Amino acid sequence: LVELIKEHNDSFPDLEDLKGCALAILRIQEVYHISAKKIADGNLSSKTRSPELSAVHCFELGLMKHHWEQYEEAYGWLTEAWERFTPQDNRSGITTYDVLQYLIWAEYKTGRFESALNHTNVLIEEVHRQSKIYYESRLKRMQEGKHYHEENDEEISSEENTKSELKRDFVLHYEKLCRDGANKSQADQDRLTCHYFNKHPLLFLKPAKMEIANLKPNIYLIHDVIRDTDIEFIKDLAMPRLERATVTNRNTGKLEFADYRISKSAWLEDYEGDIIERLSLKLEAITGLSTARVHCEALQVVNYGTGGQYEPHVDHALTNKSAIFDMGMGNRIATVLIYMTDVEAGGSTVFLDAETIIKPQKGTAAFWFNLLKSGEPDQSTRHAACPVIVGTKWVSNKWIHEHGQEFRRKCGLNPAE
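Each number in my numbering comes from the position in the sequence shown (counting from 1) with 60 added on.
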């Protein structure tokens with residue numbers, strides 16, 4: 061048995077995995093404004109019931125929120141921990157004293173003084189009377205309007221305000237789109253149409269099913285662009301190679317890990333299977349752009365687990381230092397994003413300036429240009445992947461570059477085109 065454990069030890073979850081899981085839950089809560097009680101009860105989706113969380117789980121999540129000085133959310137989790145606590149939970153090493161101590165502090169920091177006082181009275185049954193004097197004196201001062209600031213209190217208040225200010229407007233907008241949906245006018249929606257596209261020999265017998273999802277910037281949906289069997293082939297090929305996805309640092313141009321992109325990815329070349337090569341040729345026929353390997357990147361396959369997301373970003377390079385230019389193909393002129401699974405809840409792609417939301421639909425691809433015809437970046441293509449609430453999300457994307465497209469997407473007469 062010991063040998064068997066040693067053999068598979070690397071595949072067992074470790075503390076980093078546990079932390080990642082906790083962060084995923086808290087990310088879902090923050091973006092979608094789901095209460096701690098609803099998550100703890102397993103009510104994340106109307107279709108599927110998730111496992112309930114124990115008092116210990118709730119306490120750990122509340123503790124994380126406490127350390128981040130987000131006391132309102134900490135209060136929700138610690139309340140759940142207190143209400144769910146049973147004698148069996150003592151075996152975990154966490155006691156009612158631990159839960160109450162942090163719960164009282166969260167109540168104090170959020171102005172719930174009466175609750176904090178009541179819980180203090182419960183707490184003194186297990187601790188020395190001195191604790192009661194300490195907590196009651198602080199609470200009394202607060203109730204009398206005499207703000208009792210220790211050095212740590214002032215630091216916490218300052219840091220809390222700074223954190224709130226640092227959350228940029230575009231991130232709040234992204235979260236609102238994920239949570240509440242787009243706010244397109246009826247007039248804008250009426251301009252969006254569907255059509256068949258067959259202006260290429262490969263598409264004569266089976267035209268592409270095109271849908272315009274947005275105008276300015278133009279965002280297209282290509283329905284039924286890939287078969288289920290082809291999707292499974294690509295997923296099976298990519299699975300053993302999946303590694304944590306990286307992003308380009310806008311200051312250094314180097315690739316690095318980032319908390320705002322939580323996913324795993326792998327890269328597949330056209331020569332690794334007829335299915336991948338045929339997909340590239342099909343995308344060339346539909347987009348009108350060259351997908352020869354010297355003009356585009358390999359197919360990137362990305363997997364998002366529960367809580368997986370990619371915060372607002374653009375696909376094109378922002379500076380000349382970017383690693384994108386190191387490929388020798390120019391900037392990324394266009395993106396084709398293929399959805400390889402349906403997602404039960406969450407996981408939408410949102411375009412911030414376009415107020416457009418694309419829900420994952422297996423076999424459908426989204427297509428847009430990252431650059432204007434002049435070659436200038438189109439900042440209105442800023443988009444994001446909303447956190448997955450329930451299920452897993454598989455996508456693949458083809459980034460097409462400028463080189464080789466000179467006569468396929470010509471410059472316009474207007475610099476703003």
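Ideal placement from N, C-alpha and C gives every residue a C-beta, glycine not left out. Source: prediction; values computed, not measured.
Going by CA-CA distance only, name the one from Asn-474, Thr-452, Ile-99 that's closest to Leu-86. Comparing Cα positions, the closest option is Ile-99.
Please state whether the Cβ-Cβ distance between His-283 and Gly-390 is less than 7 angstroms. no
For Tyr-119, the three-state DSSP class (helix, strand or coil): A small fix is needed here, since residue 119 is Phe in this sequence, not Tyr. Residue state, collapsed to three classes: helix.
Can you tell me where the beta strand (DSSP E) with Tyr-399 in it begins and where it stops? Here the beta strand (DSSP E) through Tyr-399 covers 392-399.
Kindly indicate which three-state DSSP category His-478 falls into: helix, strand or coil? A query on residue 478 cannot be resolved here, the shown segment of the chain reaching from 61 to 477 and no further.
Separation of Glu-63 from Arg-239, as counted between CA atoms: 48 angstroms
Tell me the DSSP bridge mates of Gly-406? Val-448
Going residue by residue through the segment 271-333, where are the continuous beta strand (DSSP E) segments of at least 3 residues, counting only ones entirely within it? 279-283, 324-328
Are three or more beta carbon pairs between the segment 335-346 and the segment 285-302 nearer than 8 angstroms? yes
By DSSP, does Trp-165 sit in helix, in strand, or in coil? helix
What would DSSP say about Glu-185, mapped onto helix, strand or coil? coil
So Ala-426 is in the alpha helix (DSSP H); what residue range does that whole segment cover? Not the alpha helix (DSSP H): Ala-426 falls in the beta strand (DSSP E), residues 425-429.
Secondary structure at Asn-243, three-state DSSP: helix, strand or coil? coil
Same chain, Cβ closer than 6 angstroms to Lys-276, neighbours up to 5 away in sequence not counted: none
Since Val-91 is in the alpha helix (DSSP H), which residue starts that stretch and which ends it? For Val-91, the uninterrupted alpha helix (DSSP H) segment begins and ends at 75-92.
Nearest to Asn-274 (by Cα), restricted to the options Thr-401, Arg-251, Glu-143: For the residues Thr-401, Arg-251, Glu-143, the minimum Cα distance to Asn-274 belongs to Arg-251.
Please report the straight-line C-alpha distance between Phe-345 and Arg-442, rounded to a whole angstrom. A small fix is needed here, since residue 345 is Ala in this sequence, not Phe. Approximately 26 angstroms, taken between the alpha carbons.
Trp-137, enclosing alpha helix (DSSP H) - first and last residue: 131-144
Let me confirm a value: Pro-372 is counted as buried when at least 16 other C-beta atoms fall within 10 Å, else exposed. Which label applies? The Cβ neighbour count for Pro-372, taken over all protein chains shown within 10 Å, is at least 16; the residue is labelled buried.
Using a 10 Å radius around the Cβ and a threshold of 16 neighbouring Cβ atoms, would you call Lys-79 buried or exposed? Classification of Lys-79: exposed, given that the 10 Å Cβ count is below 16.
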